[in-house]
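Participant: Mind looking over this structure? Questions follow.
Residue numbers (full-length UniProt numbering): 1 to 98.
Right under this line is the structure:
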């Protein structure tokens, strides 16, 4: 059995403006485990929710979802500032802003 105990260190909000004026909003959480820091990255997404077998109407909801478009587990470092900056650079590269 393997396990990892980690503690939450900090949280950052990061918004990326796009050409269509609909920004992407990310939440970067940084954790520490045995003197190694690593991120968990989430983004706000809008979803249309359709209730089934009811008279309720379709509604749009915002939800925070884990971002899995990048291998965030590959980013590890010795301090939270390095992790934050590495995640921001990766997001900008992914969006074609670098």
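Yeah, the Cβ is synthetic: ideal placement off N, Cα and C, and Gly gets one too.
Which same chain residues, not among the five before or five after residue 72, have their C-beta less than 6 Å away from its C-beta?
Facilitator: 39, 41
Participant: On the criterion of 16 or more Cβ atoms from any shown chain inside 10 Å, does residue 81 qualify as buried, or is it exposed?
Facilitator: exposed
Participant: Measure the CB-CB distance between residue 60 and residue 74 and report whether it falls below 8 Å.
Facilitator: No, they are not a contact pair.
Participant: Taking the CB atoms as reference points, tell me whether residue 76 and residue 14 lie closer together than 8 Å.
Facilitator: no
Participant: Measure the C-alpha to C-alpha separation of residue 10 and residue 31 and round it to an integer number of angstroms.
Facilitator: 7 Å
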